[in-house]
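Numbering (the numbering used here), first residue to last: 5 to 111.
The C-beta atom is built at its ideal place from N, Cα and C for all residues, glycine as well.
Structure, rendered in structure tokens:
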């Protein structure tokens, strides 16, 4: 179930970097984090890894990133989380009383 949810996430956002506290699907964020921890155990030869080579290959096939450490990633994750949480309110109409306010005024 979670793998299919991750595939949908990749289609929507273009990558598999699901925030740990993804507002749109908190269980998916937790699951992705668990896969990364299990993979680390797998690499260290621990029998408690709970991930198979087939599962690793499936995740690799959709562009899963096992170790994402760049600083821009956290901003990217927060942005994606807020989009999901907000329900894409960007397309909602602006109330009449606020229609003449220009937030990005160059002048």
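Through-space distance from residue 20 to residue 68, alpha-carbon basis: 5 Å
Residues near residue 29 in its chain [Cβ-Cβ closer than 7 Å; skip 5 each side]: 9
Residue range of the unbroken alpha helix (DSSP H) whose run includes residue 56: Segment: none, residue 56 is in no alpha helix (DSSP H) and carries neither H nor E.
Bounding residues of the alpha helix (DSSP H) (the contiguous stretch that carries residue 31): 30 to 47
Own chain partners of residue 36 with C-beta closer than 6 Å, once the 5 adjacent residues on each side are dropped: 22
Check: residue 24 C-beta below 8 Å from any heavy atom of the ligand NAD: The ligand NAD is absent from the structure shown, which contains no ligands of any kind.
Three-state secondary structure assigned by DSSP to residue 64: helix
Proximity below 9 Å, CB of residue 63 to CB of residue 13: no
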